[in-house]
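*Asks:* Just so we're aligned, residue 11 is where the sequence shown starts under the numbering used here, counting upward by one. Beta carbons are placed, not taken as given, at the ideal position from N, Cα and C, and that holds for glycine. Please read these numbers as outputs of a predicted model, since none were measured by experiment. Attaching a single structure in structure tokens format; questions to follow.
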Amino acid sequence: MERIVAKFGGSSVADAAQFRKVAAIMQADPRRRILVVSAPGKRRPDEAKITDLLYLCHDMAAMATSIDEPFGLITERFTGIAAELGIDSALPGLLQTFRRELEAGCSREFAVSRGEFFCARLMAEFLGAEFVDPANHILLRGNGLVDPVSYERLRSRLADESRMYVMAGFYGRNRQGEITTFSRGGSDISGAIAARAAGAILYENWTDTSGFLIADPRIVDNPRAIEEISFREVREMAYMGASVFHDEAILPVREAGIPVAIRNTNRPEDPGTRIVPKLGAKALTSTEIAGISGLNNATMITVEKSLMNKEIGFAHRLLGIFLQHNISFEHCPSSIDSMSVIVLDNKLRGLDQTVLDDIGRQLEPDHLSIEKNLALIAVVGEGMVRTVGIAAKIFTALAAAHINVRVINQGASEINIIVGVAAGDYEEAVRAIYRAFVPEESPTA
Ligand code: ASP
């Protein structure tokens with residue numbers, strides 16, 4: 011039987027009304043047999059996500075502070091959903107045990123995984139489905155990547171095609187047998203693992219927007235939705251800040267050639283975005299690019315030294331300094347006598363001065379500079395490789411908006427052009443590029 015794995019994000023399971031929408035979506039297509047859920051998200055913009063409350067509980071318990079308040083909010087949310095749906099759940103007992111575990115000093119990752127655990131149990135009970143605990147099937151390696159044995163284990167757990175399963179997202183177990191979580195938003199990865207393990211024909215990712223948008227709606231007014239996008243483009247867009255889909259979730263489904271659909275739980279009639287291994291011939295003809303995403307928190311360190319080009323191993327030693335401090339870098343543009351390293355601020359972790367001191371001592375540059383508050387904008391699109399004039403369009407638009415371009419980077423694969431601008435110019439730059447590729451009069455999604 012053909013099966014679809016459907017993953018529902020935090021806003022899709024935020025309350026009982028959302029649970030009912032999930033049930034209706036599951037019933038609308040009998041091929042939807044496997045569900046993966048996040049922990050309940052916000053019901054209102056000013057409310058905390060369950061995952062954040064769990065982090066808070068753990069940290070407060072570790073400081074021997076009373077967790078009454080955040081734990082009360084968590085309990086209220088879960089018991090409220092159960093009561094409204096009329097589920098006679100074992101939840102109160104499980105919550106009590108969990109509180110004792112928190113106060114006895116359980117690990118942070120175990121604590122935070124309970125958001126998905128309780129949510130999946132409730133959803134399974136509501137749908138009359140089988141609950142699947144990923145701790146028994148998903149094995150994570152030290153680097154946070156999934157161990158391939160997980161696919162086989164999960165395949166046997168999900169083997170009965172006549173049944174419906176609900177699996178908790180976001181966590182698995184490590185080799186030491188401890189609960190381990192993915193990075194934030196990681197239930198997308200759990201869903202992708204389940205889709206691959208079950209040999210699904212489609213992985214649906216249900217969220218609160220109708221798919222990928224060409225640009226961030228907080229910056230561009232009512233941006234157009236992307237109908238179809240390739241795996242490579244999505245990974246670029248997601249890594250460069252488009253938050254609809256976790257960048258690491260692409261890998262399990264890409265390897266298995268399973269298409270992904272990003273859909274809106276609140277507007278199931280919208281087609282959403284399809285993520286496919288290869289774009290069809292018609293793709294990208296109207297906008298030439300797939301999308302624009304960006305990160306507004308980068309720093310660029312530039313090293314200048316005459317005859318750098320003759321010093322074999324210069325780049326190796328420069329990047330070695332970043333390695334020593336366990337800092338990963340994004341880009342490394344260079345010219346004959348200069349080389350820059352662009353790093354995201356959360357990866358630099360305030361080590362600017364240490365890195366500068368090490369570079370000064372070990373490489374003896376003629377000039378060393380640091381530029382903070384840099385924004386990186388990625389214009390992404392596989393079609394670029396076949397289209398003349400994309401770069402010209404981007405830079406003409408930026409010039410017309412009087413935006414100074416600090417740095418340009420284009421990978422040899424030509425799937426994106428990265429433009430660095432001052433953080434203060436970031437939003438205007440995104441709007442200018444958007445307008446250059448999406449004409450004003452075009453229909454909006
Ligand atoms: N609940 C986790 C988070 O808030 C994981 C997820 O929602 O995918 O990051």
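The ligand ASP and R464: does the residue's C-beta get closer than 6 Å to at least one heavy atom of that ligand?
*Replies:* Any answer about residue 464 is impossible in this case: the structure gives the chain only from 11 up to 455.
*Asks:* With burial defined as no fewer than 16 other Cβ atoms inside 10 Å of the residue's Cβ, what is the status of E374: buried or exposed?
*Replies:* With fewer than 16 Cβ atoms within 10 Å of its Cβ, E374 is classed as exposed.
*Asks:* Can you check which of these residues, L333, I427 and N306, is closest to E438 by C-alpha distance?
*Replies:* Closest by alpha carbon: N306.
*Asks:* For R273, is the classification buried or exposed, using 16 other Cβ atoms within 10 angstroms of its Cβ as the cut-off for buried?
*Replies:* Classification for R273: buried.
*Asks:* Just curious, the beta strand (DSSP E) that S240 is in, first and last residue?
*Replies:* Start and end: E238 to S240.
*Asks:* Once the 5 residues before and after E381 are set aside, which same chain residues still bring their CB inside 6 Å of it?
*Replies:* Cβ within range, chain order: M310.
*Asks:* Label H68 either buried or exposed according to how many other C-beta atoms from any shown protein chain fall within 10 Å of its C-beta, with 16 as the threshold for buried.
*Replies:* Counting Cβ neighbours within 10 Å, H68 comes out buried, since at least 16 surround it.
*Asks:* Given this structure, state the Cα-to-Cα distance separating A401 from A16, to the nearest angstrom.
*Replies:* For A401 and A16, the distance between alpha carbons rounds to 38 Å.
*Asks:* Helix, strand or coil: which one does DSSP assign to S344?
*Replies:* Strand.
*Asks:* Within 10 angstroms of the Cβ of N215, are there 16 or more other Cβ atoms? Answer buried if so, exposed if not.
*Replies:* The residue is buried, with at least 16 neighbouring Cβ atoms inside 10 Å.
*Asks:* Taking 6 Å as the cut-off, is the CB of F180 close to at least one heavy atom of the ligand ASP?
*Replies:* Checking every heavy atom of the ligand ASP against the Cβ of F180, one is found closer than 6 Å.
*Asks:* Please report the straight-line C-alpha distance between L361 and R167, rounded to a whole angstrom.
*Replies:* Rounded to the nearest angstrom, the two C-alpha atoms are 46 Å apart.
*Asks:* Using 10 angstroms around the beta-carbon of L294, count the other beta-carbons present and answer buried if the total reaches 16, otherwise exposed.
*Replies:* Only weak support exists for where L294 lies, its pLDDT of 48 falling under 50; the value from the coordinates is given anyway. When all chains shown are included, L294 counts as buried.
*Asks:* Going by Cα to Cα distance, which pick from A38, Q28, L408 and L66 is closest to S48?
*Replies:* Checked all of A38, Q28, L408 and L66; the closest Cα to S48 is Q28.
*Asks:* Fully enclosed by the stretch 73-100, which alpha helix (DSSP H) runs are 4 residues long or longer?
*Replies:* With a minimum length of 4 residues, the continuous alpha helix (DSSP H) runs that stay inside the stretch 73-100 are 78-95.
*Asks:* Which stretch, first to last residue, makes up the alpha helix (DSSP H) that contains N356?
*Replies:* D355 to L358 is the span of the alpha helix (DSSP H), which, as asked, contains N356.
*Asks:* So is the beta-carbon of T10 under 6 Å away from any non-hydrogen atom of the ligand ASP?
*Replies:* Outside the displayed range of the chain (11 to 455) lies residue 10, so it cannot be described from this structure.
*Asks:* Hey, quick one: how far does the alpha helix (DSSP H) through M133 stretch, first residue to last?
*Replies:* M133 -> alpha helix (DSSP H) spans R118 to L137.
*Asks:* Using only the alpha-carbon positions, how far apart do Y161 and P449 sit?
*Replies:* Cα to Cα, Y161 sits roughly 45 Å from P449.
*Asks:* Whole angstroms are fine: how far does the CA of L212 sit from the CA of K292?
*Replies:* Low per-residue confidence applies at K292: pLDDT is 49, beneath 50, and the placement is therefore not dependable, though the value from the model is reported in the following sentence. Cα to Cα, the separation comes out at about 21 Å.
*Asks:* In angstroms with no decimal places, state the Cα-to-Cα distance between F108 and Y181.
*Replies:* So the two alpha carbons sit approximately 17 Å from each other.
*Asks:* Who are the Cβ neighbours of T454 in its own chain at under 7 Å, not counting the five residues just before and after it?
*Replies:* With a pLDDT of only 48 at T454, under 50, the local geometry of the prediction cannot be trusted, and no value is derived from it.
*Asks:* At which residues does the alpha helix (DSSP H) containing S379 begin and terminate?
*Replies:* Premise fails: S379 lies in the beta strand (DSSP E), H377 to V390, not in any alpha helix (DSSP H).
*Asks:* Using a 10 Å radius around the Cβ and a threshold of 16 neighbouring Cβ atoms, would you call D257 buried or exposed?
*Replies:* It counts as buried.
*Asks:* Got a sec, what are the start and stop residues for the alpha helix (DSSP H) S197 sits in?
*Replies:* Here the alpha helix (DSSP H) through S197 covers S197 to A208.
*Asks:* Taking I418 and A442 to be in contact with their CB atoms under 8 Å, please state how far apart those CB atoms are, rounded to whole angstroms.
*Replies:* With 8 Å as the limit, I418 and A442 do not qualify as a contact, their Cβ atoms being about 15 Å apart.
*Asks:* The beta strand (DSSP E) that contains I17, what's its start and end?
*Replies:* Checking the sequence, you will find Lys at residue 17 rather than Ile. Here the beta strand (DSSP E) through K17 covers I14 to F18.
*Asks:* Taking the C-alpha atoms as reference points, what is the distance between G154 and F192?
*Replies:* For G154 and F192, the distance between alpha carbons rounds to 7 Å.
*Asks:* If contacts are defined as beta-carbon pairs under 8 Å, then L333 and I369 qualify, I think. What distance do you get, rounded to the angstrom?
*Replies:* Their Cβ separation, rounded to whole angstroms, is 13 Å, which puts L333 and I369 out of contact at 8 Å.
*Asks:* Output the distance between the C-alpha atoms of R185 and A178, rounded to the nearest integer angstrom.
*Replies:* Computed Cα separation, rounded: 19 Å.
*Asks:* Beta strand (DSSP E) containing Q420: first to last residue?
*Replies:* Looking at the DSSP string, the run of the beta strand (DSSP E) that includes Q420 is V415 to Q420.
*Asks:* Among A134, T61, N319 and Q363, which one has its Cα closest to the Cα of S348?
*Replies:* Nearest of A134, T61, N319 and Q363 to S348, Cα basis: N319.
*Asks:* Can you list, in chain order, the residues of its chain with a C-beta nearer than 7 Å to that of I60? Leave out the 5 residues immediately preceding and following it.
*Replies:* The answer, listed in chain order, is A49, P50, I84, R87 and G125.
*Asks:* On the three-state DSSP scale, how would you describe N307?
*Replies:* Three-state DSSP puts N307 in a strand.
*Asks:* Below 8 Å, how does it come out for the stretch 221-230 and the stretch 188-206: are there three or more Cβ pairs, yes or no?
*Replies:* At 8 Å Cβ cutoff, the stretches do not touch.
*Asks:* With DSSP as the reference, label G282 as helix, strand or coil.
*Replies:* Note: G282 maps to coil in three-state DSSP.
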